[in-house]
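Following: one structure in structure tokens, then a few remarks.
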Amino acid sequence: PLVERAHMAMMIVDLAPPSPVPDGVTEIDDDSYGAFLDDHDRAAVIVWKRFCDPCRNLKEQLDEIVAALPNDVALAGVDGESTPEFCRTFGVEAAPAILLFEGGERLASLRGYQRPETIGSTSSDVYGDG
57 PLVERAHMAM MIVDLAPPSP VPDGVTEIDD DSYGAFLDDH DRAAVIVWKR
107 FCDPCRNLKE QLDEIVAALP NDVALAGVDG ESTPEFCRTF GVEAAPAILL
157 FEGGERLASL RGYQRPETIG STSSDVYGDG
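The opening position of the sequence shown corresponds to residue 57 in the working numbering, with each subsequent residue numbered one higher.
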């Protein structure tokens with residue numbers, strides 16, 4: 057019955073983490089991503105989703121990803137399920153996704169799970185640090 061399904065859905069929401077963005081990563085949303093990009097000339101934004109195996113795999117390598125990015129690249133994360141404007145604006149259709157920005161302009165996007173080495177290589181190519 058519909059009432060039972062509604063109760064089950066509420067239990068799942070109660071058990072789900074409040075955000076899929078890992079601790080230690082600045083979380084931005086539809087209201088704050090513009091200011092974040094304005095404040096940081098170079099930025100990497102990772103789109104995360106709950107119950108996403110590739111996202112979990114990426115989280116396990118977060119330290120390596122941070123180390124692979126140039127030092128002047130600010131890192132932020134968005135909850136892909138609660139940022140429809142961000143996702144629509146930048147054409148994000150799946151998670152995880154890694155978007156590289158410079159001067160507020162998206163220069164590259166990586167879709168799906170990517171190894172830290174790939175992220176580092178792509179960021180070096182994009183930012184001319186390689």
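For every residue, glycine included, the Cβ atom is placed at its ideal position computed from N, Cα and C.
C-beta atoms of residue i and residue j nearer than 7 Å
i	j	result
Y169	L114	yes
L166	V182	no
R98	E158	yes
A151	C111	yes
L118	P74	no
D86	T139	yes
Whole-angstrom distance between residue j and residue i, CA atom to CA atom
i	j	result
P10	T82	In this structure the chain extends from 57 to 186, so residue 10 is not present and cannot be described.
V103	P172	15 Å
I175	D109	18 Å
F146	E116	25 Å
I84	A65	26 Å
R144	V59	33 Å
G133	H96	14 Å
Span of the alpha helix (DSSP H) around residue i
i	result
E158	Taken as a continuous stretch (DSSP letters only), E158 belongs to no alpha helix (DSSP H), being part of the beta strand (DSSP E) at A153 to E158.
G176	P172 to Y183
P106	Note on residue identity: the sequence assigns Arg, not Pro, to residue 106. No alpha helix (DSSP H) holds R106; DSSP gives it neither H nor E.
V122	L118 to A124
The beta strand (DSSP E) enclosing residue i, as first and last residue numbers
i	result
L131	A130 to D135
E161	E161 to R167
Own chain residues within Cβ distance below 6 Å of residue i, not counting five before or after
i	result
Y89	F142
Beta-carbon separation (whole angstroms), residue i vs residue j, contact threshold 8 Å
i	j	result
S179	V129	7 Å
Cβ-based neighbour list, residue i, same chain, cut-off 7 Å, excluding 5 preceding and 5 following
i	result
E161	none
Same chain, Cβ closer than 8 Å to residue i, five either side skipped, listed in chain order
i	result
L125	A100, L131, I175, G176 and S179
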